[in-house]
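The block underneath contains the structure these notes are about, expressed in C-alpha cells.
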Amino acid sequence: MDDVLVIGAGPAGLVAAWTAHRRGARVKVLASGIGTTHVMPGWLQVLNTDGSVEAGVAELAAQQPDHPYALAGAGAVQAGLAMLREVIEPAGLRYVGDITGNLLLPTALGAVHRAAYAPESFIAGDLRERGAMLIVGPDAWRDFYPLLCAENLARQGFAARGMTFALPESEAGKFDTTPPGFARLFERPEIRTRVAYLLKPHLSGFKRVGFPAILGLEHHREVWEDLQDRLGLPVFEIPTLPPSVPGLRLFAAFKRALAPAGVQLLLDMTATHGLIEGRHVTGVVVPTVTGRQAIYQAERYILATGGLYGGGVASDHHGLLREVVFGLPVEAPGELGDWFRSELLGEAGHPIHRAGVRANHVMQPVDADGRVLLENVRVAGRLLAGSQPTLEGSTEGVWLATAYRAAC
Amino acid sequence: MTLECDVLVIGGGATGGGAALDLALRGLRVILVERADLTDGTSGRYHGLLHSGGRYAVRDPESARECIDENRILRRIVPQAIEDTGGFFVVTPHDDPTYADGWVAACRACDIEVEEISPAQTLALEPALNPRISRVFRVPDAACDSFDVLNALAAAIQREGGTVLTYHGVTALYTEHGRVVGAMVRHARTGEEQRIAARMVVNAAGAWAGQIAAMAGCKVIVRPSKGTMVAMAYRFVNTIINRCHPPGDGDILVPVGTVAVIGTTSVPVSDPNETGVEAWEVQRMLDEGEKIVPGFSRVRALRAWAGVRPLYEENEAAEGREAKRTFAVLDHATRDGVAGLATVVGGKFTTYRLMAERTADLVCAQLGATSTCQTATYLLPDPRRPSEAAQPHWPGHRLEQIEASETLDPLICECELVTRSQLVEAARANPHIEAKTALDDLRRDLRLGMGPCQGGFCNYRAGGVLHATGSVDAAQADRAIGDFAQRRWKGQRPLLWGQSLRQALLDEHIYRTILGMDALCAPGDPADMEQADG
Amino acid sequence: MSETYTPILLEDIRRTADLCVKCNICTTACPVAAVTDLFPGPKFVGPQAQRFRDPEMPSPDDSLDYCSGCGVCTQVCPHDVKVMEINIAAKAELRERQLEENKLDPHLWRNWLLGHNEALGELGGWFAPISNLVMGIPLTRTLMEVTLGIDRHAPFPKFHFTKFRSWFFGAHQKEKAPTPPGAPKVAYFYGCATNNYEPEVGRAIVAVLEHNGFEVVLPEQNCCGLPMQSNGDFDGARRYANANLRTLAPYAAEGIPIVLGGTSCAMELKADYQHLLGIHTEEARLVAENTYDISEFLWMQHEAGRLRTDFARTEAYLPYHTSCHQKLHRIGRPALELLSLVPGLRAEEMGFDCCGITGTYGYKHEKYDIAYAVGEPLFERLKASGAEMALCDNETCRWNIANQSGLRVVHTMQILARAYGLSEHGL
C-alpha cells in the first residue's frame, strides 16, 4: 500500500506528487493520460492585475471565501512554486518573476498578457521594457505568424517588426512540423548557426528578438543561451498553438525526477470509481485491459483529475455534471442552455467555468453545507469549484497553491 | 455608374444561381446579386440530401416526380458535388408497418426505383443501424454538397459571360411605367450603392422573396419554416437513411463528407432570419436519431444549425410539412400588373435546376428570346480542377491528395484537410477578402473549420496566412478571426456537453488564454451574426 | 432495446476517433514521429485520417505504414482515443490494397515471413546448429537485407535445439518435485520465442510458479498471431487466434488462470483478439478475462497473501525497461513491485516509452534506422548506468536492447527464480 495516491498527471497532480514525496510519503500517480501541461502556454498566471499580485490574491481570498486561493491560504502559491522549482531547476528550467507585480508578455497574436512568473526564456519579451523587438519565426509555418504578431503589437504602441526565416529542414518531409518538432530541430547547432546567419543582417535598431516557443526541449537552456550569443541580443519565446513546448519541458522534467524518487507515473490508468466505507476511501478501482477491477490503495488520495476540460468532471446531454472518480457533488450552473453565454469571448466568461468540487481549508471535499464528504481525499487543481481561472488569470496560481496544500 | 444587363437575378442560392446560368446559356447578359456569400441562405443550411423523391411519393407525387428527374440530371451535370451513397428507407419498430406497401406503390407510380432488401443484408452494409428494423428499401438518394454546386454554378455563369456580385444586397427596385427596370444594390462592407438597370428582374430570394416582391409593391406570401439539423462528428453510416413513414422530425440521416447530419424539425417562423436553434429541437434530433442508430445520443454532436424553407401556397392554407413542396413561378405582370419581374418560390434544393428552367422560360417569353434551356445537359465546371472532367465526389479524395503529394503544403485545417495553398488560392479568388466574414466565406469554399475542432486550431492559422500573404492587414485579420470564432461558436453552443464541451473549452483556452483574442477585437456585433451560419 | 445489447456505435474501437480534440498530445509522445519525417504522427494517420476512410474504398494513406504500433499514443491520450488500435485496423486495410496491387513487392514477402516467425522458429530449431551457423554468416544477413529487406543489424536470437515444450514434458517431468495434492493449476502460454529461442525464460516461470505451489500445465498452443496482425494480415492472425481460443477456452472455463511471460503476446489474448481482430465470441471473452501477465498474476498472489517471499538477499542494481505493450495492459508495474520484495535489490524504471523494435518493425531494413533512433536514448542511458544486466519482460525488446546496448537483458522471472534459489532454471 502506498501513502499517497495521486489521481491525475496534470500540473496540479505532478506538483502534488512531488510535494508528497518530499514530505516523505510513498507516492504513486495514476492518470488517464497526459494532462494540461501540453496545452499550457508556459507562463504562470496568478492574478490578472496591474497592482501587486500578492495583495490582489489576498483581496480575492477575502472577498470570495470559497475561492481556491482562500482555501489554500496565504503563501500557498509561493510554496507550490518552490516545489515546482525543485523539480525543474535540475533540468535547466527556471521561472522568473515575483508575486508583487505582473510581467507583461506578448501572445502569438500580439495581444498582451499578464503573468506573475514566466520561464526565463520569456522574460526579454516583457513589454514593460520599451526596447524595439524583432519577432521572427520559420517561413510558412502554420503555427506562428510573426508579422501578424508584430503588427498587432505595433498597433498597440509597442515597437515591433516581424520577419520570417527559411528553414529547409522543416520542409524535408511532406508533413507539417509540430512545435516540438521545431524544438528538436533547434537542438541541432547547425540549425542555430543558419538561423543566426539569416537574422544577423536584420537586427540593427532592435533591442531583442522574439521566437515562437520552440527553442529546444531537453537542451532548452543551451539552445536559448546559444541563440542569444550568436545574435548578440536578448532572445525571448512567445507561446503558440498547442502542443506546448514549454509545457512539454515541464512534463519531461517531472518524469525525470519522479522515477528515481520511486514515484511511479502511470498513464492510461483511468480510475473509474472509489471504494468507500463511510467517509473513508479504501481504494480506487482501475480496470485492466481485460476489465479486471484492479484496486489501488493508499492512506490518502489526492484528486487532481482536472475540471471539465481535463476530464475530472463529466457532462451529458441531460445537463448533469458528475465528478468521475468518487461521484462527488458538482453543482451545475442552471440548465444545459445556461452553461455558456452566446458570446464566445465575452467579458463575463461562461457560468460553467465556476463548476467544480467544493473543498475546505485542507482541501477535503465538502458538501454545500461545508460537511466533509471524504476524509482521506484532498482535491487539487482545476477540479475545484469557485474560480474562473481564464478570466481571473489565475490558472497556474490555483494549480500551484491547491496542489501544495492538498499534499501537506 | 449604372451597371446594365438583360436580367438581374436576386439571390445567390441554388435557384438564383441556376436561373442566372440558364439565362446566360440562352444568350442573355445576366447579373446575379447576393446580399452575403453564395449559399448563405437556405441552400447552405440544408442536410445535404439529393432526394430520390421517395419522401414525397405518397403525399406529393408531383414533387416526387420532379425530384427523381432532377436527381438523375444532377448526377450527370455536377458529379463533383455528389456522392452516390444511395439511400435506404427503413421500417423501425417505431414506424407503422402497414405504411411501406403503399409507399412502394407510390414510388413506383412516380418512376422511383425501389428495391426491397433484407434487414440482414442491410445490417451487414450498415452495422450501426437499429438491428430491429423489419423492412428496408433501397432508393437512388445521394449526398450533395451545396457549396460545391454553387461554386460550380458561379464558375459557369462567369464562363458564359455573366456577372456574380456577392455581398450586394438589394435595397430598392425601380419601376417605370408599371415595369420593374432595375434595382439599387448596396455593398455590405463598404456601404457603397450602385444601380443596376435590367430589362427583367428575377426574384429568387427564397425565404426572403416576399420582402423583395414587396419592393415592387407585389404581395407574395412566403411561409418560412425553420428546420434544425445536427451534424454528428463522423459518418457512422455510409448510406442515407430515411424512416419509412409519413415525413416527420429527425427522420433523415445523411452521411455528407466526413460527418452524418440528422434533420430536421419543422417550425413555422415569422422572420426568415430566425435561425436560432432551441434546446428541444436538439433533444428531438437526438431522440429520433436513437431510433435509427442505437447509441446515437451518446456520440459526439458537432454542430446544430437551422435553415428556413421558403414554403409557398397561393391560397395560404397549409403550413409546415402539410404544405406541398413543389414550386411556383409568378409572373407579376399578369398576377399583379407589374411587368419586368418574375418571382420563383417554394421547391427544394434537389429541384433547383427545374425551377430555374421554368423561371428562365418565363423571362425569355417576356423578353422575346427564343433559345431553349440547355442546363439539363450542360456539364458544370469544377473550379478546383478546371482542366479536368469532373470526378464524382469521394470523401477520401483529400487524404489521397496529401498522400500523393511529394512536398509540404501545410495543413491549415487538420480536421477537413485544407492546405495552405488551397486557402491562398481561394483567398485570391474572393473579392471580399478584407471583410470580417472572409474566413466564413473560405469555409464554404473549402470546408475550413467544419470538422470536430470547429476552427479551434485553423482559425488563427487561416487568419495568419491571409495576413502573411498580404491579403489583409493585422486589424482585418483579427476581425476575421474573431468573427469566425464567434460564428463557429453559435453552432456549437446548443450542443455543449461531453466531448464537444471539452473541445469548446480547449478552443476557448486557445483564443482567450494563449492568443489573447478577446483583448484585440471588440466582441461581435450581434447584428452581423444574423447572417451566415451552417 | 434489450438490456444486453451494446450498440455497435459504442463498441467499435474506431468510434473513439470521435473523441479526439486535436490537441496532438499523441504526436508529441510518438517515438517514431520524433525521429523521422516519413511518419506524420499518430493523430494524423489515426483519428484525423479515419474520418476520410471509406469502407468501400481502399485506404489511400501509405504513410500509415510507418506506425510501429507501440501504442504510446493510446497511453498518453487524455481523451481515451484508441489511436494505435485505429491505426492497426487501418493498416490491415492498407495491406489488402497492397496485396491486390503488387503481389511481388519483396516487402510483402518479408512481412509475410516476419509474420510467420513461428514457422521460422520451428524450422530453425530442427536444424539449430546449422541454422545458427548460417545466420551467423554476415553474407547471409546481407543477402536477407537485399532480397527481403530484413536489416542485417537487427537482432536474431539463436535457435535452440531443445524446445521449451520438449524440456517441460521430458526432463522437467522427471526431475520436478511431486505436485502437492489439490495444488491450484496455472495454464502457461509460453509463446514462440520462449519455445524456440529462450527456453530459460520458460523454465524460470515454471520454477517460480511451482515454488509457489502451483501446478503448471501447458495447453496446446500456436503463435499468438501478433506478428501477422502487426504486419496487417488480420485473416492469418485470426486463424492463429481461433486455434488458440479453442485450446485455451476450456481452461478459462474451469477458472484456471492463463499466464504469459511475453507482454505483447499477452495483449493479444487479453484484448486484441476481441477489439482488433473482431472475434467477439464467448471463448474470446472467457480467455481474456482469465489471462494474466506473469508478474501481474504473482503480484495478485502477493496482495492476497499467497506469494512466498523467501527471497535470498540479492545486492544488485537493475535498470528496468517497461515495454510499450506492457503499458497497454493497464496493470501498473507489477514486476517492479515484485522486485521490491527482494532484499538488497534495486530495480529502477528507465522511463523510456519504447525501445524501437516493436515486434518486427525494427527488423525491416527501411525502418531499422528509425527503430534505432527511437531506442537510442534508452541504450545510451543503459550504457551509462554502469549496470551489466538489465530487465525487460518482452522478448524482442530484450533482444534489441541487448543487441544495441551490450548489456545482458533478462526477464524479471529469471531474477525472481534466482532470488528464490531456483537459479538452475533461470540464469
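Residue numbers (this note's numbering), protein chains in the order written: chain U, 1 to 408; chain R, 409 to 942; chain D, 943 to 1369.
Heads up, the beta-carbon is just placed ideally off N, CA and C, and yes, glycines get one too.
By DSSP, does residue i sit in helix, in strand, or in coil?
{"i": "R/Asn479", "result": "helix"}
{"i": "R/Ser451", "result": "helix"}
{"i": "D/Arg1357", "result": "The question names Arg, yet the displayed sequence has Ile at residue 1357 of chain D. Residue state, collapsed to three classes: helix."}
{"i": "D/Leu1036", "result": "helix"}
{"i": "D/Glu1210", "result": "helix"}
{"i": "D/Gly983", "result": "coil"}
{"i": "R/Ala940", "result": "Residue placement at R/Ala940 is poorly supported in this model, since its pLDDT is 38, which falls under 50; the coordinates still yield a value, given next. Here R/Ala940 sits in coil by DSSP."}
{"i": "U/Ala20", "result": "helix"}
{"i": "U/Lys200", "result": "helix"}
{"i": "R/Asp790", "result": "coil"}
{"i": "U/Pro303", "result": "Note that residue 303 of chain U is Leu in the sequence shown, not Pro. Note: U/Leu303 maps to strand in three-state DSSP."}
Flag residue i as yes if its beta-carbon sits less than 8 Å from any beta-carbon of chain R, otherwise no.
{"i": "U/Trp339", "result": "yes"}
{"i": "U/Pro119", "result": "no"}
{"i": "U/Leu344", "result": "yes"}
{"i": "U/Phe122", "result": "no"}
{"i": "U/Lys174", "result": "yes"}
{"i": "U/Tyr309", "result": "yes"}
{"i": "D/Pro949", "result": "yes"}
Compare the C-beta of residue i against all C-beta atoms of chain U and say whether one is closer than 8 Å.
{"i": "R/Arg483", "result": "no"}
{"i": "R/Phe644", "result": "no"}
{"i": "R/Gln894", "result": "yes"}
Please state whether the Cβ-Cβ distance between residue i and residue j is less than 8 Å.
{"i": "R/Ala551", "j": "R/Gly456", "result": "yes"}
{"i": "D/Asn1029", "j": "D/Leu1056", "result": "no"}
{"i": "U/Thr100", "j": "U/Glu54", "result": "yes"}
{"i": "D/Gly1203", "j": "D/Asp1335", "result": "yes"}
{"i": "R/Ala472", "j": "R/Cys518", "result": "yes"}
{"i": "D/Tyr1193", "j": "D/Cys1165", "result": "no"}
{"i": "R/Met372", "j": "R/Thr579", "result": "No statement about residue 372 of chain R is possible, as the shown extent of chain R runs from 409 to 942 and does not include it."}
{"i": "R/Glu811", "j": "D/Asp1003", "result": "yes"}
{"i": "D/Lys1212", "j": "D/Ala1230", "result": "yes"}
{"i": "D/His1271", "j": "D/Ser1206", "result": "no"}
{"i": "R/Pro487", "j": "R/Glu521", "result": "no"}
{"i": "D/Leu1240", "j": "D/Gln1171", "result": "no"}
{"i": "D/Glu1060", "j": "D/His1217", "result": "no"}
{"i": "R/Ser460", "j": "R/Gly495", "result": "yes"}
Consider the Cβ of residue i: report whether some Cβ of chain D lies at a distance smaller than 8 Å.
{"i": "U/Ala16", "result": "no"}
{"i": "R/Arg706", "result": "yes"}
{"i": "R/Thr815", "result": "no"}
{"i": "U/Ala259", "result": "yes"}
Let me check one thing: in DSSP terms, what residues is residue i bridge-paired to?
{"i": "R/Gly635", "result": "R/Gly715"}
{"i": "U/Pro138", "result": "U/Phe165"}
Leaving out five residues on either side along the sequence, give the residues of the same chain with a beta carbon under 8 Å from the beta carbon of residue i.
{"i": "R/Ala747", "result": "Gly586, Arg587, Val588, His740, Ala741, Gln774"}
{"i": "D/Leu951", "result": "Arg957"}
Please list, in chain order, all residues of the same chain as residue i whose beta carbon is under 7 Å from its beta carbon, the five residues on each side excluded.
{"i": "R/Ala508", "result": "Val499, Arg543, Cys652"}
{"i": "D/Val1018", "result": "Ile967, Cys968, Ala971"}
Excluding sequence positions up to five away, which residues of its chain have a Cβ less than 6 Å from the Cβ of residue i?
{"i": "D/Pro1099", "result": "Tyr1139, Trp1341"}
{"i": "R/Cys626", "result": "His740, Asp744, Val746"}
{"i": "U/Leu391", "result": "Gly349"}
{"i": "R/Lys756", "result": "Arg733"}
Please report whether the beta-carbon of residue i lies at a distance below 8 Å from any beta-carbon of chain C.
{"i": "D/Ala1149", "result": "The chain inventory of the structure shown lacks chain C, comprising the protein chains U, R and D."}
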